[in-house]
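Under my numbering, the sequence shown is numbered contiguously, ending at residue 653.
The beta-carbon is built from N, C-alpha and C at its ideal position, and this holds for glycine as well.
What follows is a set of notes on a single structure, which appears directly below.
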Amino acid sequence: MGNLMKMGIGVPIGLISLLAMMILPLPPVMLDVLFTFNIALSLVIVMAVFNVRRPLEFAIFPTVLLLVTILRLALNVASTRVVLMHGHEGSHAAGKVIAAFGEFVIGGNYAVGAVVFIILTIINFVVVTKGAGRVSEVSARFALDAMPGKQMAIDADLNAGLITQDEARARRLEVRAESDFYGSMDGASKFVRGDAVAGILIMVINIIGGLLIGTMMHDLPVGEATKTYTLLTIGDGLVAQIPGLLLSVAVAIIVTRVTREQDVSHELGKQLFGQPKALGVAASVLGVMGLIPGMPNLVFLSVAALAGWGAWKLKKERDKPVIEAGEFEVTIAGLKERFEVK
């Protein structure tokens with residue numbers, strides 16, 4: 312696989328394989344492998360988005376987003392074929408992954424599964440995807456509007472002799488890459504939005520198609536056909552929707568990042584939990600709520616104590632004297648000692 316990627320034909324072969332999945336039937340074992348790979352790939356993408364210091368370090372993300380969306384849709388088509396063809400054989404007919412999500416995750420209750428799936432879809436479609444799409448649109452517009460001014464600033468620095476020709480060329484490429492990235496993200500975010508809509512439509516079509524096939528072709532009772540095919544469809548939808556939600560979160564994270572270099576985890580801890588006054592106020596409010604009869608006192612007081620300890624710790628760190636770098640000379644009992652603080 313590595314040799315194929317180096318030769319430049321790995322991605323085209325993978326794309327053709329994804330398209331073939333929509334036409335050729337896949338065994339349940341292969342579906343289990345591909346569904347597991349899809350979940351793992353979504354987790355890898357989320358972690359990669361967290362670990363990059365600048366959005367441009369993951370400039371290939373729009374293309375990755377397109378390929379992963381095609382993978383998920385191909386899996387939906389392949390699993391739909393298996394569910395409708397072999398769903399009458401039982402809950403394990405479409406593979407162990409779909410069966411696990413249909414039986415273990417939602418307890419074998421298709422009504423609960425339908426509600427959970429709808430809630431996940433609403434979170435993905437209405438909250439995360441819509442917000443990420445709006446941020447992508449605004450970022451792309453601002454990047455395009457600021458491009459001429461940045462180019463003029465680079466030319467001014469070059470004419471003033473502040474930067475060299477090579478530095479000016481690198482800055483121009485970076486400005487162009489930033490504009491292209493946010494423009495691509497504006498369009499790529501529509502893939503995730505369309506995928507969320509497709510998930511709802513596929514679920515409805517699968518339930519209706521399974522009910523008709525189960526009752527007319529396999530002579531199953533209406534109640535049994537409804538339960539069997541709905542469980543399989545909900546399990547299939549959850550297997551696809553959870554990676555889709557992870558991918559939507561990755562899109563939202565990368566488009567809300569600032570352009571300068573930063574460590575998201577470090578900055579999040581520093582800016583959100585690095586204010587002793589905020590933690591102190593939170594500890595006070597939680598402490599008062601923990602003293603109210605009928606409230607979960609132990610939980611509230613425990614969290615209040617933790618927040619108060621964090622506020623005290625931060626206050627102590629900030630009040631600690633800071634010695635600036637330099638050379639110092641100290642005389643103790645007539646003995647002079649020189650030391651350096653770096």
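For residue i versus residue j, is the C-beta spacing smaller than 9 Å?
| i | j | result |
| --- | --- | --- |
| residue 598 | residue 609 | no |
| residue 594 | residue 443 | no |
| residue 533 | residue 526 | yes |
| residue 409 | residue 543 | yes |
| residue 382 | residue 502 | no |
| residue 456 | residue 407 | no |
| residue 622 | residue 588 | yes |
| residue 393 | residue 411 | no |
| residue 522 | residue 537 | yes |
| residue 395 | residue 520 | yes |
| residue 619 | residue 585 | no |
| residue 366 | residue 565 | yes |
| residue 531 | residue 403 | no |
| residue 558 | residue 380 | yes |
| residue 370 | residue 447 | no |
| residue 552 | residue 378 | no |
| residue 436 | residue 561 | no |
Let me know if residue i comes out buried or exposed under the rule of 16 or more other beta-carbons within 10 Å of its beta-carbon.
| i | result |
| --- | --- |
| residue 422 | exposed |
| residue 438 | exposed |
| residue 489 | buried |
| residue 346 | buried |
| residue 324 | exposed |
| residue 556 | buried |
| residue 568 | buried |
| residue 349 | buried |
| residue 338 | exposed |
| residue 518 | buried |
| residue 433 | exposed |
| residue 615 | buried |
| residue 424 | buried |
| residue 644 | Unreliable positioning characterises residue 644 in this predicted model, as indicated by a pLDDT of 48, which lies under 50. A coordinate reading is not provided. |
| residue 360 | buried |
| residue 505 | exposed |
| residue 362 | exposed |
| residue 374 | exposed |
| residue 470 | exposed |
| residue 465 | buried |
| residue 332 | buried |
| residue 603 | exposed |
| residue 459 | exposed |
| residue 513 | buried |
| residue 472 | exposed |
| residue 554 | buried |
| residue 583 | exposed |
| residue 413 | buried |
So, with DSSP's three-state summary, where would you put residue i?
| i | result |
| --- | --- |
| residue 334 | coil |
| residue 644 | Note that residue 644 scores 48 on pLDDT, short of 50, meaning its location in the model is unreliable; the coordinates nonetheless yield the value given after this. In this structure, residue 644 counts as coil in the three-state DSSP scheme. |
| residue 373 | helix |
| residue 358 | helix |
| residue 348 | helix |
| residue 584 | coil |
| residue 612 | helix |
| residue 367 | helix |
| residue 323 | helix |
| residue 341 | helix |
| residue 602 | coil |
| residue 328 | helix |
Quick check: the stretch 341-355 against the stretch 473-487, are there 3 or more CB pairs under 8 Å? no
Exercise for the section: Would you mind listing the alpha helix (DSSP H) stretches within the stretch 397-485 that are 4+ residues and don't spill past its ends, in chain order? Expected result: 407-411, 421-433, 441-470
Subject >> Contact between the stretch 378-390 and the stretch 538-551 (3+ Cβ pairs under 8 Å) >> reply: yes
query: In chain order, which continuous runs of the alpha helix (DSSP H) of length 4 or greater are located wholly inside the stretch 495-581?
result: 533-566
(Q) Counting beta carbon pairs with one atom in the stretch 492-505 and one in the stretch 441-458, are three or more of them shorter than 8 Å? (A) yes
Would you call the stretch 479-487 and the stretch 504-512 in contact, with 3 or more CB pairs under 8 Å?
no
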